[in-house]
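To start, the structure under review is shown below, and the notes come after it.
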Amino acid sequence: RSAQTLKNWQNEILNSFRYNYSNGFLEGINNLTKVMKRNAFGFRSFLRFRAKILLTHKYKRMGTHIG
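Quick note: the sequence shown uses my numbering, first residue 113, plus one each step.
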(Lines of atoms letter the chains of each structure in order from A and count residues from 1; the text may use other names and numbers.)
(Lines give C-alpha, C1' and ligand atoms only; values in the text may rest on other atoms or scores of the structure.)
Protein backbone atom coordinates (compact mmCIF):
# COMPACT_ATOMS: atom_id res chain seq x y z
CA ARG A 1 0.00 0.00 0.00
CA SER A 2 2.74 2.49 0.89
CA ALA A 3 4.67 1.49 -2.25
CA GLN A 4 1.62 2.40 -4.34
CA THR A 5 1.39 5.76 -2.57
CA LEU A 6 5.05 6.48 -3.32
CA LYS A 7 4.50 5.53 -6.95
CA ASN A 8 1.42 7.74 -7.23
CA TRP A 9 3.20 10.76 -5.72
CA GLN A 10 6.64 10.13 -7.23
CA ASN A 11 6.87 13.37 -9.23
CA GLU A 12 5.72 15.51 -6.31
CA ILE A 13 8.14 13.82 -3.91
CA LEU A 14 11.08 14.26 -6.28
CA ASN A 15 10.15 17.90 -6.89
CA SER A 16 10.18 18.54 -3.15
CA PHE A 17 13.88 17.60 -3.13
CA ARG A 18 14.69 19.29 -6.44
CA TYR A 19 13.21 22.72 -5.64
CA ASN A 20 13.80 24.56 -2.40
CA TYR A 21 10.27 25.96 -1.93
CA SER A 22 8.20 25.86 1.21
CA ASN A 23 4.71 27.06 2.02
CA GLY A 24 5.59 27.47 5.70
CA PHE A 25 5.29 31.27 5.61
CA LEU A 26 1.78 31.15 4.16
CA GLU A 27 0.75 28.40 6.58
CA GLY A 28 1.85 30.70 9.41
CA ILE A 29 -0.29 33.54 8.06
CA ASN A 30 -3.27 31.20 7.70
CA ASN A 31 -2.80 29.91 11.24
CA LEU A 32 -2.62 33.42 12.71
CA THR A 33 -5.74 34.44 10.78
CA LYS A 34 -7.63 31.41 12.09
CA VAL A 35 -6.58 32.23 15.65
CA MET A 36 -7.82 35.79 15.15
CA LYS A 37 -11.11 34.45 13.82
CA ARG A 38 -11.57 32.30 16.93
CA ASN A 39 -10.79 35.26 19.19
CA ALA A 40 -13.07 37.58 17.20
CA PHE A 41 -16.26 35.78 18.15
CA GLY A 42 -18.96 38.43 18.34
CA PHE A 43 -17.52 40.96 15.88
CA ARG A 44 -20.51 42.53 14.19
CA SER A 45 -18.69 44.11 11.30
CA PHE A 46 -16.83 42.01 8.75
CA LEU A 47 -15.01 45.15 7.57
CA ARG A 48 -13.52 45.71 11.05
CA PHE A 49 -12.45 42.09 11.25
CA ARG A 50 -10.88 42.35 7.79
CA ALA A 51 -9.08 45.55 8.81
CA LYS A 52 -7.71 43.82 11.91
CA ILE A 53 -6.39 40.96 9.77
CA LEU A 54 -4.77 43.33 7.28
CA LEU A 55 -3.19 45.46 10.01
CA THR A 56 -1.89 42.41 11.81
CA HIS A 57 -0.25 41.13 8.64
CA LYS A 58 0.98 44.65 7.79
CA TYR A 59 -0.81 44.86 4.46
CA LYS A 60 -2.22 48.22 3.55
CA ARG A 61 -4.30 47.02 0.65
CA MET A 62 -5.50 43.68 -0.60
CA GLY A 63 -6.12 43.19 -4.31
CA THR A 64 -9.50 41.54 -3.90
CA HIS A 65 -12.87 43.20 -3.75
CA ILE A 66 -15.55 41.78 -1.50
CA GLY A 67 -19.15 42.71 -2.08
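Glycine included, C-beta positions come from ideal geometry on N, C-alpha and C.
{"Asked": "7 Å Cβ shell around residue 178 - same chain, five flanking residues per side excluded", "Found": "The predicted model places residue 178 with a pLDDT of 47, which falls under 50 and marks its position as unreliable, so this point remains unresolved."}
{"Asked": "When 117, 165 and 161 are compared against residue 142, the one with the closest alpha-carbon", "Found": "165"}
{"Asked": "Simplified DSSP assignment, three categories, for residue 160", "Found": "helix"}
{"Asked": "Straight-line gap, residue 135 to residue 128 (C-alpha atoms, nearest Å)", "Found": "11 Å"}
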